[in-house]
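Residue numbering for the sequence shown follows our numbering, starting at 124 and increasing by one per position.
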Amino acid sequence: MSHRRSPVSHRSPARTRRSPLPAATVAMLTAGVLLLSGCDSADQDTSGHAHATGPSVIAPGKPGEAAETLSAEEAESRRPNDSPNSADFTYARMMITHHRQALEMTALAPSRAGTAKLRRLAQRITSAQKPEIRAMEGWLKNHEADEHTKGHEHGHEHEDGGGAHGDDGGHAHSASPGTGQDHDHDAMPGMATQAQLKKLRAARGANFDALFLRLMITHHAGAVTMATEVLSDGNNVQIEEMANDVIAQQTSEIQRMRKMT
């Protein structure tokens with residue numbers, strides 16, 4: 124007896140292919156789940172941990188280490204403290220005064236320089252240092268309250284020690300924000316004396332060029348010294364950035380001026 128087979132379809136049922144999620148999307152979703160789970164665990168923790176009342180933060184671990192779940196308070200406590208100290212305030216005030224003397228010197232170049240090359244150099248210095256002065260004045264204004272607070276703390280420390288105020292404390296409060304006018308020029312490296320400035324005003328042509336270069340090289344070297352010192356003694360990130368800019372800019376200009384001598 125012959126058996127007839129019914130025709131059977133060998134086609135597999137149609138499937139809908141899903142495009143794999145990009146790795147970045149998977150990472151974001153995973154982080155979101157971790158964050159939510161951290162929040163839930165914090166809300167459910169009733170064992171008396173006061174730090175678990177706020178939203179949790181996922182802190183990535185070092186290579187090979189697992190991430191940490193931190194409370195908002197713990198995350199805040201781990202942020203680096205870059206509040207300005209007295210070295211930051213002193214640097215800003217003194218560098219404003221230092222820059223202003225440089226502008227006083229460059230202002231003489233258009234009518235006294237013997238070469239167009241030196242006039243262009245003077246203009247470059249002016250263009251670089253005017254914005255730096257404005258930036259430091261703005262920084263002082265923005266941190267006026269911080270300075271006032273630190274001034275009171277500094278004063279109480281001296282009262283406890285006998286009431287004597289050192290030079291650093293006096294300088295920190297000697298001028299209103301942005302002026303930088305009460306600092307002794309002799310305390311700043313590279314500053315030209317009044318006698319030297321008088322000679323520069325009287326010079327013309329090649330004599331002016333030679334004296335200008337000599338004084339400005341010394342002036343720039345002093346600014347680099349001041350900026351290097353605040354990188355060691357200061358604490359504020361913005362001041363650090365401005366000091367690094369001064370070092371880079373004025374070191375380059377020193378090299379250029381030495382080639383012109």
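Cβ coordinates follow ideal geometry from the N, Cα and C atoms, glycine included. Small disclaimer: the values here were computed from a predicted structure and weren't measured.
Item	Value
Continuous beta strand (DSSP E) stretch holding S194: start and end	191-194
Inter-stretch contact (C-beta, 8 Å, three-pair minimum) for the stretch 207-220 and the stretch 319-336	no
Beta-carbon gap between L338 and A318 smaller than 7 Å	no
Option nearest G237 by Cα separation, candidates L263, R327, G345	R327
Neighbourhood of H342 by C-beta distance below 8 Å, restricted to the same chain and skipping five residues each side	H221, Q224, A225, M228, G313, M314, A315
Proximity winner among A344, V360, N359, E363, relative to E376 (alpha-carbon distances)	A344
Presumed contact (8 Å Cβ cut-off) between A232 and A251, rounded CB distance	A232 to A251, Cβ: 14 Å. No contact.
Three-way DSSP call (helix, strand, coil) for A258 in this model	helix
7 Å Cβ cutoff met for A210 and D356	yes
CB contact flag (V353, D205, <7 Å)	no
Whole-number beta carbon distance between P203 and H266, since they are thought to touch under 8 Å	H266 to P203, Cβ: 17 Å. No contact.
Nearest to I248 (by Cα), restricted to the options I362, A346, E191	A346
Buried versus exposed call for Q378 [16 or more other C-beta atoms within 10 Å across all chains shown]	exposed
Coil, strand or helix - D368 by DSSP	helix
A318 (DSSP reduced to helix, strand or coil)	helix
Same chain only: Cβ atoms within 6 Å of Q373, ignoring 5 sequence neighbours per side	H343, A346, V347
Burial state of G230 (16 or more Cβ within 10 Å)	Looking at the sequence shown, residue 230 is not Gly but Ala. Label assigned to A230: exposed.
Counted within 10 angstroms of its Cβ, other Cβ atoms place T192 as buried (16 or more) or exposed	buried
Member of F335, A325, A350, L336 whose CA lies at the smallest distance from the CA of M311	A350
Under 7 Å between C-beta atoms of T384 and L336	yes
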